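A.B. asks: So that we are looking at the same thing, I have put the structure below in structure tokens.
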């Protein structure tokens, strides 16, 4: 077995605060129960770090904590619920694709506006920095 990691070491490796790690544990977002040392300190495994990293990415992608909790429960449940895991992740992927498309439209509008102002400042514009084009 590999050496157990302290909460501080895990916080550093996952870029989660100690408070967030305690919160994730309390909210049932860890697959395995966090072990404790003889003096009651939390001891984490490399598997815990890998799972917390996954949770961090899911959270950064906008997955609500309730869905991360459900996904964690499914992982804990072991073999036999892969279809539900797939459905949960596929639904989240669809939301991300929709968000990405919306952000792409926003980026196109901002890029266009930048070009309008750059042309105006370079003397190439029509003198009108209020562009009638709408996105």
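Residue numbers (the UniProt record's numbering): 1 to 135. Positions of the beta carbon are idealized from the N, C-alpha and C atoms, including for glycine. In this text the structure is predicted, and so the values were computed from the model without any measurement.
Report the residue from 112, 87, 71, 2 whose alpha carbon sits nearest the alpha carbon of residue 52.
C.D. replies: Mapped onto the chain shown, residue 52 falls at position 52. Ranking the options by Cα distance to residue 52, first place goes to 71.
A.B. asks: Going along the chain, which residues of its own chain have a beta-carbon closer than 6 Å to the beta-carbon of residue 119, five neighbours each way excluded?
C.D. replies: The residue you call residue 119 lines up with position 119 of the chain shown. Within the same chain, residue 119 has close Cβ partners 125.
A.B. asks: Starting from the C-beta of residue 44, find all residues in its chain whose C-beta is less than 6 Å away, skip the five residues before and the five after it, and write them out in chain order.
C.D. replies: In the chain shown, counting from the first residue as 1, residue 44 sits at position 44. 5, 10.
A.B. asks: Roughly how many whole angstroms lie between the Cα atoms of residue 91 and residue 112?
C.D. replies: Here residue 91 corresponds to residue number 91 of the chain shown, with the count starting at 1. Here residue 112 corresponds to residue number 112 of the chain shown, with the count starting at 1. Cα to Cα, residue 91 sits roughly 32 Å from residue 112.
A.B. asks: Using CA coordinates, which residue listed in 82, 23, 12 is at the minimum distance from residue 49?
C.D. replies: Your numbering for residue 49 matches position 49 in the chain shown. Measuring from the Cα of residue 49, the nearest candidate turns out to be 12.
A.B. asks: Return the residue from the list 63, 65, 7, 29 that minimises the CA-CA distance to residue 37.
C.D. replies: Here residue 37 refers to the residue found at position 37 when the chain shown is read from its first residue. The candidate whose alpha carbon is nearest that of residue 37 is 7.
A.B. asks: Return the CA-CA distance between residue 24 and residue 2, expressed in angstroms with no decimal places.
C.D. replies: Working through the chain shown from its first residue, we reach residue 24 at position 24. Working through the chain shown from its first residue, we reach residue 2 at position 2. Going by the C-alpha atoms only, they are around 22 Å apart.
A.B. asks: For residue 80 and residue 62, what's the separation of their Cα atoms in angstroms?
C.D. replies: If you number the chain shown from 1, residue 80 lands on position 80. If you number the chain shown from 1, residue 62 lands on position 62. C-alpha separation (whole angstroms): 26 Å.
A.B. asks: Rounded to whole angstroms, what is the Cα-Cα separation between residue 75 and residue 69?
C.D. replies: Mapped onto the chain shown, residue 75 falls at position 75. Mapped onto the chain shown, residue 69 falls at position 69. Approximately 10 Å, taken between the alpha carbons.
A.B. asks: Could you pull out every residue in the same chain whose Cβ sits closer than 8 Å to the Cβ of residue 30, ignoring the five residues on either side in sequence?
C.D. replies: The residue given as residue 30 occupies position 30 in the chain shown. Contacts found: 24, 48, 51, 52, 72.
A.B. asks: Taking the alpha-carbon positions, what's the residue 17 to residue 64 distance?
C.D. replies: In the chain shown, counting from the first residue as 1, residue 17 sits at position 17. In the chain shown, counting from the first residue as 1, residue 64 sits at position 64. One C-alpha to the other measures close to 18 Å.
A.B. asks: Compare the beta carbon distance of residue 14 and residue 54 with 8 Å and say whether it is the shorter of the two.
C.D. replies: For the purposes of this step, residue 14 is taken as the residue at position 14 of the chain shown. For the purposes of this step, residue 54 is taken as the residue at position 54 of the chain shown. Not closer than 8 Å, so no.
A.B. asks: Could you tell me the alpha carbon to alpha carbon distance between residue 27 and residue 100, rounded to whole angstroms?
C.D. replies: In the chain shown, counting from the first residue as 1, residue 27 sits at position 27. In the chain shown, counting from the first residue as 1, residue 100 sits at position 100. Going from the Cα of residue 27 to the Cα of residue 100 covers about 29 Å.
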